[in-house]
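K.L.:
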Amino acid sequence: MTIINEGEPRPVDEEGVVTSITLGKSQGRLILERFLHNWVAMTSLGVFLAVIILSVTSIGAFGIPGWWKYRYTDLATPLNGGAPTLSLIPTWLGGDGIHLGEHPFGQTLIGIDYFSMTMRGVQNSLIVMFIIGALVAVIGTVVGAVAGYYRGWVESVLMRFTDLVIVIPVIVLGAVVGKIASEHFKGLGVLGLSLVLGLFLWTGLARLVRGEFLTLREREYVDAARVSGARDARIMFRHILPNAVGVVIVATTLIMAAAILLETGLSYLGFGIRSPDVSLGLIISQNQTAFGTRPYLFLWPGVFIVIIALTVNFIGDGLRDAFDPRQRKFVASRMKERDEK
929 MTIINEGEPR
939 PVDEEGVVTS
949 ITLGKSQGRL
959 ILERFLHNWV
969 AMTSLGVFLA
979 VIILSVTSIG
989 AFGIPGWWKY
999 RYTDLATPLN
1009 GGAPTLSLIP
1019 TWLGGDGIHL
1029 GEHPFGQTLI
1039 GIDYFSMTMR
1049 GVQNSLIVMF
1059 IIGALVAVIG
1069 TVVGAVAGYY
1079 RGWVESVLMR
1089 FTDLVIVIPV
1099 IVLGAVVGKI
1109 ASEHFKGLGV
1119 LGLSLVLGLF
1129 LWTGLARLVR
1139 GEFLTLRERE
1149 YVDAARVSGA
1159 RDARIMFRHI
1169 LPNAVGVVIV
1179 ATTLIMAAAI
1189 LLETGLSYLG
1199 FGIRSPDVSL
1209 GLIISQNQTA
1219 FGTRPYLFLW
1229 PGVFIVIIAL
1239 TVNFIGDGLR
1249 DAFDPRQRKF
1259 VASRMKERDE
1269 K
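Letter 219 of the sequence shown, counting from 1, is numbered 1147 in the working numbering, and no numbers are missing.
#1: Ignore the nearest five residues each way along the sequence and tell me which others in Val1082's own chain have a CB closer than 8 Å to its CB.
#2: Please work out which residues of its chain come closer than 6 Å, Cβ to Cβ, to Leu1063, disregarding the five sequence neighbours upstream and downstream, and give them in chain order.
#3: So Pro1229 is in the alpha helix (DSSP H); what residue range does that whole segment cover?
#4: Under the three-state reduction of DSSP, which class applies to Ile1059: helix, strand or coil?
#5: Using only alpha-carbon positions, find the residue among Thr1239, Gly1034, Thr1005, Leu1086 that is nearest to Val1071.
#6: In or out: Ala1250 buried (at least 16 other Cβ within 10 Å) or exposed?
#7: Is there at least one non-hydrogen atom of the ligand HEM closer than 7 Å to the beta-carbon of Ser954?
#8: Going by DSSP, what residue range makes up the alpha helix (DSSP H) through Ser986?
#9: Give a yes or no on whether the C-beta atoms belonging to Leu1225 and Tyr1078 are separated by under 8 Å.
#10: Taking only the alpha-carbon atoms, compute the straight-line gap between Leu1169 and Val1175 and give it to the nearest angstrom.
#11: Just tell me which of Arg1048, Val979, Thr1036, His965 has its CA closest to the CA of Phe1219.
#12: Anyone know if the C-beta pair for Ile1201 and Ser1195 falls short of 8 Å?
#13: Cβ atoms of Leu1133 and Ile1060: under 8 Å apart, would you say?
#14: Going residue by residue through the region 1008-1047, where are the continuous alpha helix (DSSP H) segments of at least 4 residues, counting only ones entirely within it?
#15: With DSSP collapsed to three states, give me the class of Ile1211.
#16: So within the region 1127-1192, which uninterrupted beta strand (DSSP E) runs reach at least 3 residues, ignoring any that extend past its ends?
#17: How many Å lie between Val1178 and Leu1007 at the Cα?
#18: Which residue or residues does DSSP assign as beta-bridge partners of Ile1270?
#19: For Ser1122 versus Leu1054, is the C-beta spacing smaller than 8 Å?
#20: Tell me which residue opens and which closes the alpha helix (DSSP H) that Asp1002 is part of.
#21: Cα separation between Gly988 and Val1173?
#22: Alpha carbon to alpha carbon, how far is Leu1028 from Thr1013?
#23: Using a Cβ-Cβ cutoff of less than 7 Å, which residues in the same chain neighbour Arg1137 once the five nearest sequence positions on both sides are dropped?
#24: May I have the straight-line CA-CA distance separating Leu1003 from Gly1039, to the nearest angstrom?
#25: According to DSSP, simplified to helix, strand and coil, what is Ser1084?
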(Lines of atoms letter the chains of each structure in order from A and count residues from 1; the text may use other names and numbers.)
(Lines give C-alpha, C1' and ligand atoms only; values in the text may rest on other atoms or scores of the structure.)
Protein backbone atom coordinates (compact mmCIF):
# COMPACT_ATOMS: atom_id res chain seq x y z
CA MET A 1 0.00 0.00 0.00
CA THR A 2 1.31 3.45 -0.93
CA ILE A 3 0.92 6.55 1.21
CA ILE A 4 0.72 9.83 -0.69
CA ASN A 5 -0.25 13.38 0.12
CA GLU A 6 -3.44 14.96 -1.13
CA GLY A 7 -3.04 16.54 -4.55
CA GLU A 8 -0.31 14.14 -5.72
CA PRO A 9 -1.00 11.87 -8.75
CA ARG A 10 -2.26 8.42 -7.80
CA PRO A 11 -0.01 5.46 -8.70
CA VAL A 12 -1.21 3.00 -11.37
CA ASP A 13 -0.06 -0.50 -12.28
CA GLU A 14 1.05 -1.75 -15.70
CA GLU A 15 -2.57 -2.13 -16.87
CA GLY A 16 -3.49 1.43 -15.90
CA VAL A 17 -5.51 0.45 -12.83
CA VAL A 18 -5.22 2.77 -9.83
CA THR A 19 -3.54 0.93 -6.97
CA SER A 20 -4.65 1.03 -3.36
CA ILE A 21 -3.55 4.22 -1.62
CA THR A 22 -3.84 5.96 1.69
CA LEU A 23 -4.11 9.73 1.57
CA GLY A 24 -1.74 11.49 3.95
CA LYS A 25 -2.95 14.56 5.85
CA SER A 26 -0.99 17.77 5.88
CA GLN A 27 0.24 19.28 9.13
CA GLY A 28 -2.22 22.15 8.80
CA ARG A 29 -5.15 19.79 8.43
CA LEU A 30 -4.08 17.76 11.45
CA ILE A 31 -3.89 20.94 13.53
CA LEU A 32 -7.33 22.03 12.32
CA GLU A 33 -8.87 18.65 13.13
CA ARG A 34 -7.39 18.63 16.62
CA PHE A 35 -8.76 22.12 17.25
CA LEU A 36 -12.20 21.24 15.89
CA HIS A 37 -12.37 18.23 18.22
CA ASN A 38 -11.66 20.41 21.27
CA TRP A 39 -15.22 21.15 22.37
CA VAL A 40 -14.16 23.71 24.99
CA ALA A 41 -12.20 25.75 22.45
CA MET A 42 -14.94 25.47 19.81
CA THR A 43 -17.64 26.52 22.28
CA SER A 44 -15.50 29.45 23.38
CA LEU A 45 -14.92 30.44 19.76
CA GLY A 46 -18.67 30.37 19.11
CA VAL A 47 -19.43 32.51 22.16
CA PHE A 48 -16.63 34.95 21.29
CA LEU A 49 -17.88 35.37 17.72
CA ALA A 50 -21.43 35.83 19.04
CA VAL A 51 -20.23 38.69 21.28
CA ILE A 52 -18.48 40.34 18.33
CA ILE A 53 -21.53 40.01 16.08
CA LEU A 54 -23.87 41.32 18.80
CA SER A 55 -21.72 44.37 19.55
CA VAL A 56 -21.21 45.27 15.88
CA THR A 57 -24.71 44.67 14.55
CA SER A 58 -26.64 46.14 17.48
CA ILE A 59 -25.30 49.70 17.56
CA GLY A 60 -23.41 49.65 14.27
CA ALA A 61 -19.77 50.37 13.56
CA PHE A 62 -17.63 52.51 11.22
CA GLY A 63 -20.60 54.66 10.21
CA ILE A 64 -22.90 51.71 9.47
CA PRO A 65 -26.06 51.87 11.64
CA GLY A 66 -27.19 48.90 13.71
CA TRP A 67 -30.57 47.43 14.53
CA TRP A 68 -30.80 48.90 18.04
CA LYS A 69 -32.75 52.16 18.19
CA TYR A 70 -30.68 53.93 20.86
CA ARG A 71 -27.14 55.23 20.66
CA TYR A 72 -24.78 55.33 23.62
CA THR A 73 -25.04 59.14 23.70
CA ASP A 74 -28.85 59.43 23.49
CA LEU A 75 -30.66 60.84 26.52
CA ALA A 76 -34.15 59.68 27.45
CA THR A 77 -36.48 59.83 30.42
CA PRO A 78 -35.69 56.91 32.76
CA LEU A 79 -38.45 54.29 32.66
CA ASN A 80 -39.38 52.51 35.88
CA GLY A 81 -36.46 54.13 37.66
CA GLY A 82 -34.03 52.95 34.97
CA ALA A 83 -34.45 49.26 35.87
CA PRO A 84 -33.70 46.62 33.20
CA THR A 85 -36.65 45.55 31.05
CA LEU A 86 -35.04 42.30 29.91
CA SER A 87 -37.17 39.26 30.72
CA LEU A 88 -35.91 35.69 30.35
CA ILE A 89 -38.70 33.86 32.23
CA PRO A 90 -41.42 32.41 29.96
CA THR A 91 -45.08 32.98 30.74
CA TRP A 92 -45.73 29.30 31.45
CA LEU A 93 -43.33 29.61 34.40
CA GLY A 94 -45.16 32.65 35.73
CA GLY A 95 -42.88 35.24 34.14
CA ASP A 96 -43.49 38.07 31.69
CA GLY A 97 -42.25 36.11 28.69
CA ILE A 98 -38.94 36.29 26.87
CA HIS A 99 -38.37 39.78 25.46
CA LEU A 100 -35.84 42.62 25.46
CA GLY A 101 -38.16 45.46 26.33
CA GLU A 102 -37.39 49.14 25.86
CA HIS A 103 -34.10 49.12 27.80
CA PRO A 104 -32.99 45.50 28.38
CA PHE A 105 -29.92 46.41 30.48
CA GLY A 106 -31.60 49.39 32.13
CA GLN A 107 -30.68 53.08 32.03
CA THR A 108 -28.15 55.29 33.75
CA LEU A 109 -29.18 57.98 36.20
CA ILE A 110 -29.40 60.51 33.35
CA GLY A 111 -31.40 58.19 31.07
CA ILE A 112 -28.75 56.77 28.69
CA ASP A 113 -29.60 53.31 27.41
CA TYR A 114 -27.26 50.90 29.19
CA PHE A 115 -27.38 48.23 26.48
CA SER A 116 -25.96 50.61 23.87
CA MET A 117 -23.32 51.83 26.32
CA THR A 118 -22.25 48.28 27.10
CA MET A 119 -22.06 47.34 23.42
CA ARG A 120 -19.94 50.42 22.74
CA GLY A 121 -17.67 49.42 25.59
CA VAL A 122 -17.38 45.90 24.18
CA GLN A 123 -16.47 47.31 20.76
CA ASN A 124 -13.72 49.53 22.16
CA SER A 125 -12.32 46.76 24.34
CA LEU A 126 -12.23 44.38 21.36
CA ILE A 127 -10.56 46.99 19.14
CA VAL A 128 -7.87 47.57 21.78
CA MET A 129 -7.37 43.83 22.15
CA PHE A 130 -6.98 43.18 18.41
CA ILE A 131 -4.62 46.13 17.85
CA ILE A 132 -2.46 44.99 20.75
CA GLY A 133 -2.47 41.45 19.35
CA ALA A 134 -1.32 42.68 15.94
CA LEU A 135 1.47 44.83 17.39
CA VAL A 136 2.65 42.07 19.70
CA ALA A 137 2.68 39.51 16.88
CA VAL A 138 4.66 41.73 14.49
CA ILE A 139 7.20 43.21 16.92
CA GLY A 140 7.72 40.05 18.96
CA THR A 141 8.11 37.86 15.89
CA VAL A 142 10.59 40.16 14.14
CA VAL A 143 12.75 40.74 17.24
CA GLY A 144 12.74 37.06 18.21
CA ALA A 145 13.40 35.85 14.67
CA VAL A 146 16.35 38.18 14.07
CA ALA A 147 17.88 37.41 17.48
CA GLY A 148 17.49 33.66 17.13
CA TYR A 149 18.72 33.47 13.55
CA TYR A 150 21.81 35.69 13.70
CA ARG A 151 22.86 34.99 17.31
CA GLY A 152 26.15 36.60 18.37
CA TRP A 153 26.18 40.33 19.09
CA VAL A 154 22.84 40.85 17.32
CA GLU A 155 21.15 38.45 19.73
CA SER A 156 22.89 40.05 22.71
CA VAL A 157 21.77 43.57 21.78
CA LEU A 158 18.16 42.58 21.04
CA MET A 159 17.78 40.41 24.14
CA ARG A 160 19.28 43.06 26.44
CA PHE A 161 16.82 45.55 24.94
CA THR A 162 14.04 43.03 25.54
CA ASP A 163 15.17 42.61 29.15
CA LEU A 164 15.08 46.39 29.55
CA VAL A 165 11.52 46.62 28.24
CA ILE A 166 10.26 43.61 30.18
CA VAL A 167 11.13 45.13 33.58
CA ILE A 168 8.96 48.19 32.91
CA PRO A 169 5.63 47.77 34.75
CA VAL A 170 3.14 48.21 31.93
CA ILE A 171 0.20 49.25 34.08
CA VAL A 172 2.31 51.98 35.75
CA LEU A 173 3.58 53.15 32.37
CA GLY A 174 0.03 53.22 31.01
CA ALA A 175 -1.14 55.20 34.02
CA VAL A 176 1.64 57.78 33.61
CA VAL A 177 1.09 58.18 29.87
CA GLY A 178 -2.67 58.27 30.40
CA LYS A 179 -2.33 61.00 33.01
CA ILE A 180 -0.17 63.11 30.71
CA ALA A 181 -2.53 62.54 27.78
CA SER A 182 -5.59 63.45 29.85
CA GLU A 183 -4.02 66.79 30.79
CA HIS A 184 -2.86 67.76 27.30
CA PHE A 185 -4.78 65.69 24.71
CA LYS A 186 -8.13 64.84 26.37
CA GLY A 187 -7.10 61.26 27.07
CA LEU A 188 -5.36 58.48 25.19
CA GLY A 189 -8.34 57.24 23.21
CA VAL A 190 -8.69 53.77 21.75
CA LEU A 191 -5.78 54.02 19.32
CA GLY A 192 -3.41 55.72 21.76
CA LEU A 193 -4.07 53.20 24.52
CA SER A 194 -3.60 50.32 22.09
CA LEU A 195 -0.25 51.67 20.89
CA VAL A 196 1.07 52.31 24.39
CA LEU A 197 0.22 48.80 25.58
CA GLY A 198 1.16 47.03 22.36
CA LEU A 199 4.63 48.59 22.25
CA PHE A 200 5.50 47.08 25.64
CA LEU A 201 3.74 43.68 25.69
CA TRP A 202 5.73 41.92 22.96
CA THR A 203 8.69 40.83 25.08
CA GLY A 204 7.35 37.43 26.10
CA LEU A 205 6.59 36.47 22.50
CA ALA A 206 10.05 37.62 21.37
CA ARG A 207 11.70 35.26 23.85
CA LEU A 208 9.58 32.32 22.69
CA VAL A 209 10.24 32.99 18.99
CA ARG A 210 13.97 33.35 19.65
CA GLY A 211 14.02 29.93 21.31
CA GLU A 212 12.22 28.35 18.36
CA PHE A 213 14.58 29.94 15.84
CA LEU A 214 17.66 28.80 17.76
CA THR A 215 16.44 25.23 17.31
CA LEU A 216 15.03 25.42 13.79
CA ARG A 217 18.02 27.23 12.24
CA GLU A 218 20.06 24.03 12.62
CA ARG A 219 17.66 21.88 10.59
CA GLU A 220 18.71 20.35 7.28
CA TYR A 221 16.15 22.23 5.18
CA VAL A 222 17.64 25.51 6.44
CA ASP A 223 21.13 24.37 5.42
CA ALA A 224 19.74 23.42 2.02
CA ALA A 225 18.22 26.90 1.63
CA ARG A 226 21.56 28.51 2.48
CA VAL A 227 23.40 26.33 -0.04
CA SER A 228 20.88 27.23 -2.73
CA GLY A 229 21.71 30.92 -2.22
CA ALA A 230 18.56 32.07 -0.42
CA ARG A 231 18.86 35.37 1.41
CA ASP A 232 18.64 35.55 5.18
CA ALA A 233 15.26 37.29 5.13
CA ARG A 234 13.80 34.57 2.90
CA ILE A 235 15.23 31.82 5.09
CA MET A 236 13.84 33.41 8.25
CA PHE A 237 10.35 34.24 7.06
CA ARG A 238 9.81 31.69 4.28
CA HIS A 239 11.47 28.57 5.67
CA ILE A 240 11.78 28.89 9.45
CA LEU A 241 8.83 31.07 10.51
CA PRO A 242 6.11 28.74 9.10
CA ASN A 243 7.43 26.05 11.43
CA ALA A 244 7.27 28.41 14.41
CA VAL A 245 3.88 29.94 13.62
CA GLY A 246 2.17 27.81 16.27
CA VAL A 247 4.15 29.50 19.03
CA VAL A 248 3.30 32.93 17.61
CA ILE A 249 -0.44 32.25 17.35
CA VAL A 250 -0.81 30.68 20.79
CA ALA A 251 1.29 33.26 22.63
CA THR A 252 -0.42 36.17 20.88
CA THR A 253 -3.87 34.82 21.76
CA LEU A 254 -3.01 34.50 25.44
CA ILE A 255 -1.46 37.99 25.49
CA MET A 256 -4.66 39.38 23.96
CA ALA A 257 -6.67 37.85 26.81
CA ALA A 258 -4.40 39.56 29.34
CA ALA A 259 -4.52 42.82 27.37
CA ILE A 260 -8.27 43.25 27.70
CA LEU A 261 -7.99 42.94 31.48
CA LEU A 262 -5.16 45.47 31.47
CA GLU A 263 -7.19 47.89 29.36
CA THR A 264 -10.16 47.45 31.66
CA GLY A 265 -8.04 48.18 34.71
CA LEU A 266 -6.51 51.33 33.22
CA SER A 267 -9.90 52.64 32.08
CA TYR A 268 -11.36 51.90 35.51
CA LEU A 269 -8.58 53.92 37.14
CA GLY A 270 -9.24 56.79 34.72
CA PHE A 271 -6.03 56.46 32.69
CA GLY A 272 -7.44 54.69 29.63
CA ILE A 273 -10.40 55.54 27.41
CA ARG A 274 -12.10 58.71 28.64
CA SER A 275 -15.57 60.22 28.35
CA PRO A 276 -17.45 60.97 26.07
CA ASP A 277 -16.33 57.61 24.67
CA VAL A 278 -16.79 54.53 26.84
CA SER A 279 -15.14 51.22 27.65
CA LEU A 280 -16.18 48.41 29.95
CA GLY A 281 -13.76 49.52 32.65
CA LEU A 282 -14.88 53.14 32.39
CA ILE A 283 -18.56 52.12 32.69
CA ILE A 284 -17.83 50.29 35.93
CA SER A 285 -15.82 53.24 37.25
CA GLN A 286 -18.56 55.75 36.46
CA ASN A 287 -21.20 53.72 38.28
CA GLN A 288 -19.24 52.43 41.27
CA THR A 289 -21.19 54.65 43.69
CA ALA A 290 -24.42 52.89 42.67
CA PHE A 291 -23.20 49.40 43.57
CA GLY A 292 -25.58 49.03 46.52
CA THR A 293 -28.69 50.51 44.89
CA ARG A 294 -28.34 49.62 41.18
CA PRO A 295 -26.12 46.51 40.98
CA TYR A 296 -27.07 45.83 37.36
CA LEU A 297 -24.86 48.78 36.38
CA PHE A 298 -21.94 46.56 37.47
CA LEU A 299 -23.39 43.27 36.27
CA TRP A 300 -23.48 43.72 32.49
CA PRO A 301 -20.01 45.17 31.83
CA GLY A 302 -18.56 42.70 34.32
CA VAL A 303 -20.23 39.77 32.57
CA PHE A 304 -18.83 40.78 29.18
CA ILE A 305 -15.34 41.31 30.60
CA VAL A 306 -15.39 37.80 32.05
CA ILE A 307 -16.85 36.27 28.87
CA ILE A 308 -14.27 37.87 26.57
CA ALA A 309 -11.29 37.10 28.82
CA LEU A 310 -12.32 33.47 29.43
CA THR A 311 -13.24 32.65 25.84
CA VAL A 312 -10.00 34.09 24.44
CA ASN A 313 -8.04 32.13 27.06
CA PHE A 314 -9.85 28.89 26.20
CA ILE A 315 -9.28 29.51 22.48
CA GLY A 316 -5.58 30.00 23.19
CA ASP A 317 -5.47 26.77 25.19
CA GLY A 318 -7.18 24.93 22.35
CA LEU A 319 -4.70 26.29 19.82
CA ARG A 320 -1.80 25.27 22.06
CA ASP A 321 -3.13 21.71 22.31
CA ALA A 322 -3.74 21.60 18.56
CA PHE A 323 -0.23 22.75 17.64
CA ASP A 324 1.53 20.69 20.33
CA PRO A 325 -0.60 17.73 21.50
CA ARG A 326 2.45 16.23 23.24
CA GLN A 327 2.34 19.04 25.79
CA ARG A 328 -1.25 18.15 26.69
CA LYS A 329 -0.30 14.48 27.14
CA PHE A 330 2.70 15.49 29.27
CA VAL A 331 0.56 17.66 31.56
CA ALA A 332 -2.05 14.90 31.85
CA SER A 333 0.61 12.32 32.77
CA ARG A 334 2.11 14.64 35.39
CA MET A 335 -1.32 15.21 36.93
CA LYS A 336 -1.93 11.45 37.00
CA GLU A 337 1.41 10.85 38.73
CA ARG A 338 0.60 13.53 41.29
CA ASP A 339 -2.80 11.97 42.02
CA GLU A 340 -1.23 8.53 42.48
CA LYS A 341 1.16 9.94 45.05
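Every residue, glycine too, gets a C-beta built ideally from N, C-alpha and C.
P.N.:
Reading it off the structure:
#1: Counting from 1 along the sequence shown, the entry for residue 1082 is found at position 154. Same-chain partners within the cutoff: Val1074, Ala1075.
#2: On the sequence shown, position 135 is the one that residue 1063 refers to. These residues qualify, in order along the chain: Gly1126.
#3: Start at 1 with the first residue of the sequence shown, and residue 1229 comes out as number 301. Where Pro1229 is concerned, the enclosing alpha helix (DSSP H) stretches over 1224-1251.
#4: Walking along the sequence shown from the start, residue 1059 turns up at place 131. Of the three classes helix, strand and coil, the one that applies to Ile1059 here is helix, per DSSP.
#5: Within the sequence shown, numbered from 1, the residue matching residue 1071 stands at position 143. The candidate whose alpha carbon is nearest that of Val1071 is Leu1086.
#6: Counted from its first residue, the sequence shown places residue 1250 at position 322. It counts as buried.
#7: Absence of the ligand HEM from the depicted structure is noted, as is the absence of any ligand whatsoever, leaving it without description.
#8: As a first step, residue 986 is located in the sequence shown; it is residue number 58 there, counting from the start. Its alpha helix (DSSP H) spans residues 967-987.
#9: Along the sequence shown, read from residue 1 onward, the residue named residue 1225 stands at position 297. Along the sequence shown, read from residue 1 onward, the residue named residue 1078 stands at position 150. Not closer than 8 Å, so no.
#10: Residue numbering aside, residue 1169 sits at position 241 when the sequence shown is read from its first letter. Residue numbering aside, residue 1175 sits at position 247 when the sequence shown is read from its first letter. Going by the C-alpha atoms only, they are around 10 Å apart.
#11: On the sequence shown, residue 1219 is found 291 positions in, with the first residue counted as 1. Comparing Cα-Cα distances from Phe1219 to each of Arg1048, Val979, Thr1036, His965, the minimum goes to Thr1036.
#12: On the sequence shown, position 273 is the one that residue 1201 refers to. On the sequence shown, position 267 is the one that residue 1195 refers to. Yes, the Cβ-Cβ distance between Ile1201 and Ser1195 is below 8 Å.
#13: As a first step, residue 1060 must be located in the sequence shown, where it is residue number 132. As a first step, residue 1133 must be located in the sequence shown, where it is residue number 205. In this structure, Leu1133 does not lie closer than 8 Å to Ile1060 by Cβ.
#14: none
#15: As a first step, residue 1211 is located in the sequence shown; it is residue number 283 there, counting from the start. Ile1211 falls in the helix class under three-state DSSP.
#16: none
#17: By 1-based counting over the sequence shown, the position of residue 1178 is 250. By 1-based counting over the sequence shown, the position of residue 1007 is 79. The alpha-carbon atoms of Val1178 and Leu1007 are separated by roughly 46 Å.
#18: With the chain represented from 929 up to 1269, any question about residue 1270 goes unanswered, as that position is not in the structure.
#19: Counted from its first residue, the sequence shown places residue 1122 at position 194. Counted from its first residue, the sequence shown places residue 1054 at position 126. No, Cβ-Cβ distance for Ser1122 and Leu1054 is not below 8 Å.
#20: For the purposes of this step, residue 1002 is taken as residue 74 along the sequence shown, with counting starting at 1. Run containing Asp1002: none; DSSP gives neither H nor E here.
#21: Taking the sequence shown and counting its residues from 1, the one referred to as residue 988 is at position 60. Taking the sequence shown and counting its residues from 1, the one referred to as residue 1173 is at position 245. For Gly988 and Val1173, the distance between alpha carbons rounds to 34 Å.
#22: If you number the sequence shown from 1, residue 1028 lands on position 100. If you number the sequence shown from 1, residue 1013 lands on position 85. Looking at the two C-alpha atoms, the distance is approximately 6 Å.
#23: Residue numbering aside, residue 1137 sits at position 209 when the sequence shown is read from its first letter. The residue you asked about is not Arg; residue 1137 is Val in the sequence shown. Closer than 7 Å at the Cβ level, and outside the excluded window around Val1137, lie Gly1068, Thr1069, Gly1072, Ala1073, Gly1076, Ala1172, Val1175, Val1176.
#24: The residue given as residue 1003 occupies position 75 in the sequence shown. The residue given as residue 1039 occupies position 111 in the sequence shown. Answer to the nearest angstrom: the Cα atoms are 5 Å apart.
#25: Against the sequence shown, residue 1084 aligns to sequence position 156. Three-state result, Ser1084: helix.
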